[in-house]
Structure formats: C-alpha cells, structure tokens
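Contents: one structure, followed by commentary.
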Amino acid sequence: MGRQQRVALIGGGLVGLSTAYAISNRWPDVQIDLFEKEERVSAHQSGRNSGVIHSGIYYKPGSLKAKLCHAGREKLIEFCTAEDVRFETCGKIIVAVTPAEVPRLDAIYERGRENNVRCTLISSEEIAEFEPFATGLKAIHVPDAGIVDFPGVAKRLEAILRSRGHTIRLGAPVDSLQQTDGGAALTSQGQMHSFDLIVSCGGLQADRLAQMAGAKTDFQIVPFRGVYYELTPDARRLCRNLIYPVPDPAYPFLGVHFTRMTDGRIEVGPNAILATGREGYSLKNWNLTDISEAVRFAGFRHLARNHWKKGVDELHRTLSKNAYLKALKTLVPTIKAEDMIPCRSGIRAQALRPDGSMVDDFVILEQPNMVHVCNAPSPAATACLSIGEFISDRLSGRLV
Ligand SMILES: Cc1cc2nc3c(=O)[nH]c(=O)nc-3n(C[C@H](O)[C@H](O)[C@H](O)COP(=O)(O)OP(=O)(O)OC[C@H]3O[C@@H](n4cnc5c(N)ncnc54)[C@H](O)[C@@H]3O)c2cc1C
Numbered sequence: 022m023g024r025q026q027r028v029a030l031i032g033g034g035l036v037g038l039s040t041a042y043a044i045s046n047r048w049p050d051v052q053i054d055l056f057e058k059e060e061r062v063s064a065h066q067s068g069r070n071s072g073v074i075h076s077g078i079y080y081k082p083g084s085l086k087a088k089l090c091h092a093g094r095e096k097l098i099e100f101c102t103a104e105d106v107r108f109e110t111c112g113k114i115i116v117a118v119t120p121a122e123v124p125r126l127d128a129i130y131e132r133g134r135e136n137n138v139r140c141t142l143i144s145s146e147e148i149a150e151f152e153p154f155a156t157g158l159k160a161i162h163v164p165d166a167g168i169v170d171f172p173g174v175a176k177r178l179e180a181i182l183r184s185r186g187h188t189i190r191l192g193a194p195v196d197s198l199q200q201t202d203g204g205a206a207l208t209s210q211g212q213m214h215s216f217d218l219i220v221s222c223g224g225l226q227a228d229r230l231a232q233m234a235g236a237k238t239d240f241q242i243v244p245f246r247g248v249y250y251e252l253t254p255d256a257r258r259l260c261r262n263l264i265y266p267v268p269d270p271a272y273p274f275l276g277v278h279f280t281r282m283t284d285g286r287i288e289v290g291p292n293a294i295l296a297t298g299r300e301g302y303s304l305k306n307w308n309l310t311d312i313s314e315a316v317r318f319a320g321f322r323h324l325a326r327n328h329w330k331k332g333v334d335e336l337h338r339t340l341s342k343n344a345y346l347k348a349l350k351t352l353v354p355t356i357k358a359e360d361m362i363p364c365r366s367g368i369r370a371q372a373l374r375p376d377g378s379m380v381d382d383f384v385i386l387e388q389p390n391m392v393h394v395c396n397a398p399s400p401a402a403t404a405c406l407s408i409g410e411f412i413s414d415r416l417s418g419r420l421v
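Sequential numbering from 22 applies to the sequence shown in this note's numbering.
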C-alpha cells in the first residue's frame, strides 16, 4: 500500500470546510487537517452574513460567480435537505424606487435571463402581492432566492469531516507557508507540518496567506464593515421574505436590504464602510496595522478619492440611525425608528486592485503544491459547495 496522502486546509469558513468536504468525498483515503485560527468554525464572514441563498441573477454571464452560484445553490439545498439544516426557498423582490433605477432593474432582469435564473418583472401594483409594505416603480420577483442557516451548514460540514476521521484544529493560526520538495509545509503554534498539498481559504486574511507563500498578487483585501438592525417583533410584519434595492453598479455590494432569517427574525442591512480592522466588528475595535496597511495601499487611496461622497454617506448612516432609516424608508415607507434595534455587524473581504477597482469575480491562485482562494465575496456562501468541487477539480492528477 502506498503512503497516505495528506492535505491541509487553512480557514474554517464555508469555503475551507466545503473544499475539505469535496476532497474527502472524492479521495476518501486522503488525510485532511483543517487549521482555523478561531476557537470555532464560521467565526467571520461565513457566520456573520445575511443568510441569503442567492439565485445568481446579478453576476456577469460566464463568470465564476455566475456558474458557481447557480450550481452551488442547488447543491446547498440538497445538502441542507439531507443534513437537516434550516433553509427556505421563499423568493425575493428587487425594487426600483426612482426612475433612474428602472433601466438598471431592467438590465438585472436581462442578466438574470442570460444566467437562466427564473425571474419576472412586476409592476408597482403587483409589488404588494409579494410584500404588502414595500413600494416602488417596478420590481423583479425571483422565486428561487431563499434563506438558510449558514452557521448550521458550517457545523454540519465540521461534524461530517470529524466523523470521517479528519482533523479540525481550532485555535490554530497558520503563521508561515512554504513549498517543499514534492509538497508544502506550514507552521502553526510553533510546530511545522508537512503535506502533499495546502489549500488556503482565509477570507479577510486571504491575500496575506497567499503572500506568505510567495504568490505574486496585484491586489489587497480591503475590509468593508456593515451594520445590521433587527426589527422589533411587532414590526416583523413589514417584511414577509426578502426585499432588496437596485444595487449601485459602481459597488460590488447589494445595498441595505430586508431579510427574514431562518429563525423568524427580520434583519435590515448591511451598509458598507471601511472597517477599523480586518476583524474590527465594532467602531471601538481599531487595528492600526490593518488601517495603516489599507491607507498606504494605492488602490484604497484611489477608491477613497473617487468615491469619497458615497463613503461619507455610508459613515453618516453608520453613525446616525435616522440616516439609516431614511435609506430603508425608500423601500418600506412606513418603517419607523422605534421599529429598529441595533444588532450586529459583518465585515466583507473585498479584493482591490492598485488602480482602485474592485475585483469582481472569485479569484483562485495556483502554485505548484498550493492553491489560494484570494477573493471569495458574496455569493461565496451560497456557492461554497461548488467552489469546493471546483478546487478539487484543480487537484485531480495530484491526489489519488
Ligand atoms: C455582511 C455580509 C453579508 C453577506 N451576505 C451573504 C449572503 O447573504 N449570501 C451569500 O451567499 N454570501 C454572503 N456574504 C458573503 C459570504 O459570507 C462570504 O463570501 C463567505 O462566507 C466566504 O467564506 P470564506 O470561507 O472564504 O471566508 P470566512 O468565512 O471569512 O472564513 C475564513 C476563515 O479563515 C480563517 N483564517 C484566516 N487566516 C487564518 C490563518 N492564518 N490561520 C488559520 N485560519 C485563518 C478565519 O479565521 C476564518 O474563519 C456576505 C458577507 C458579509 C460579510
């Protein structure tokens, strides 16, 4: 019998866990070690997102986002059904509230059709049939969008991997990465570990992990923090399922939306401002290394120069509940400040190029014995199982 092959995964978010799962499904004899720096899985983006199963309507046809979201959505639903994780295909509406947004809404509809996403244009009057408290000029109804308990998905993946004899190391930060003869090695907690292959899925730290391994990257992860509010139990009637605005095409974010969570709560958010650290979930939580690195990066300075007005508006919305309320009222005019309770924040990892443009698609870099997932923004939670399979395809020929 040959030597057992060993693979390391770095990152216990949905992308790292799903990649480990895909490798284990395909090569049951390979031993997997997953290194996660936090004491639990899905501590960052995967456990702090909106909980929405995206349909794939927004993404550029042919892009990895479009392909992997479409396939990933189906795989996620299959997984949740088999593993008893809460989800619901409740549908969503995307609402144009100003005349300027109508052609952008029409373009999203066309894109949805190109991406084979079921969607219907609905009139101002028809909006109330789906969401009685929402108003707008025109909308798209997307029946296949849904909601899911993403931390529940991560917990199931962790449990399956453990039950198959793989090792999930929590509280195990990876501090260095290097190629070795015929393999790759990493250090964690003062110990060196050798593997045949290493796959890094570091989310907010993804660029640093790739750079640690000597990969040439021309982008940097910039953290964008978004604040959520929760509606009071009495105000939950204001949203049945999912109400989204028309996104601003200059940004990769979808705009502040109303989201029913799988536990019945309604959350609104997130907005987007530069975070005070890659993992700075509160405004008091400053990480000077992260901030000075972002500010020294030419890409961030370009972005700030070009979009300072939007940045000021978003900051205003973060600091003032009334400013936030004003944005929500455009979609649901009867919402009041008393309906909203501050609840939590999430930080998106967004890769930025030196010219200030945002890297839109998923980016996966390959080195001889390493693979680095460098940009996995939304809809990577929806697409996680497909991203895992996509990466495992890249490893075929190297694992047996
Ligand atoms: C506010 C917000 C809302 C979103 N809404 C949605 C949505 O509704 N639907 C959707 O599909 N997507 C959504 N997304 C996007 C989605 O959550 C992410 O794309 C996805 O979770 C990325 O998963 P990941 O595993 O790449 O990253 P993460 O979940 O961030 O995981 C990366 C992991 O790597 C670990 N790590 C980093 N460095 C090291 C190291 N050196 N050693 C060991 N471990 C390390 C981190 O601790 C972390 O646990 C949203 C994201 C945010 C932030």
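A virtual CB, placed ideally from N, CA and C, is assigned to each residue, including glycine.
Assigned with DSSP and collapsed to three states, N137 falls in coil, not helix or strand.
Distances from the CA of T119 to each of T141, T156, A325 were compared; the closest alpha carbon is that of T156.
DSSP lists no beta-bridge partner residue for F383. M282 carries a coil assignment under DSSP once its states are collapsed to helix, strand and coil.
Judged by DSSP in its simplified three-state form, A206 adopts strand. For H323, the enclosing alpha helix (DSSP H) stretches over residues 319 to 327. Taking all protein chains in view, the Cβ of G211 is surrounded by fewer than 16 other Cβ atoms within 10 Å, so the residue is classified as exposed. Boundaries of the beta strand (DSSP E) around G367: 361 to 373. In the assembly as shown, E410 is a buried residue. Its beta-carbon has 16 or more other beta-carbons within 10 Å.
With the rule of 3 Cβ pairs closer than 8 Å, the stretch 89 to 104 counts as touching the stretch 71 to 78.
Our two residues, Y250 and W307, have alpha carbons roughly 22 Å apart in a direct line. Boundaries of the beta strand (DSSP E) harbouring F216: 212 to 216, taken from the DSSP string. In the displayed model, D54 falls within a strand according to three-state DSSP. Excluding its 5 nearest sequence neighbours in each direction, L263 has C-beta neighbours in its own chain below 8 Å: V73, C111, G112, K113, I114, A166, I168, H278, F279, T280, R281, listed in chain order.
With 16 or more neighbouring CB atoms inside 10 Å of its own CB, S399 falls in the buried class. Of the candidates Q200, P194, E59, F245, the residue whose Cα lies closest to the Cα of S366 is F245. The C-beta distance from L89 to I408 rounds to 6 Å, short enough to meet the 8 Å contact threshold.
Taking P172 as reference, the option from A402, R415, E152, A227 with the minimal CA-CA separation is A402. Closest in C-alpha terms to A128, from the list W329, K81, R47, E104, comes K81.
For R27, the enclosing beta strand (DSSP E) starts and ends at 27 to 31.
Using a 10 angstroms sphere on the CB of Q25, the tally of other CB atoms stays under 16, which defines it as exposed. DSSP, reduced to helix, strand and coil, places E152 outside both helices and strands of the structure shown, so it counts as coil. Classified as exposed, T355 has fewer than 16 neighbouring CB atoms from the shown chains inside 10 Å of its CB. The beta carbon of C260 sits no closer than 8 Å to any heavy atom of ligand 1. Within the model, the alpha-carbon separation for D381 versus L373 is close to 9 Å. Sorting A404, F216, D311, D334 by C-alpha distance to the C-alpha of V392 places F216 at the top. Your pair V195 and I368 does not check out as a contact, with CB atoms roughly 20 Å apart and the cut at 8 Å.
Distance from the CA atom of E152 to the CA atom of Y272, rounded to whole angstroms, is 26 Å. DSSP places H91 inside the alpha helix (DSSP H), whose first and last residues are 85 to 104. About 5 Å separates the CB atoms of A293 and G247; that is less than 8 Å, so the two are in contact. Classified as exposed, V421 has fewer than 16 neighbouring CB atoms from the shown chains inside 10 Å of its CB. Going by DSSP, Q66 is part of no alpha helix (DSSP H) at all; its letter is neither H nor E. For H214, the CB contacts under 8 Å within the same chain, skipping 5 residues up- and downstream, are A29, D54, A206, L207, T208 in chain order.
In the displayed model, V277 falls within coil according to three-state DSSP, outside both helix and strand.
In the assembly as shown, V316 is an exposed residue. Its beta-carbon has fewer than 16 other beta-carbons within 10 Å. The DSSP-derived three-state label of I78 is coil.
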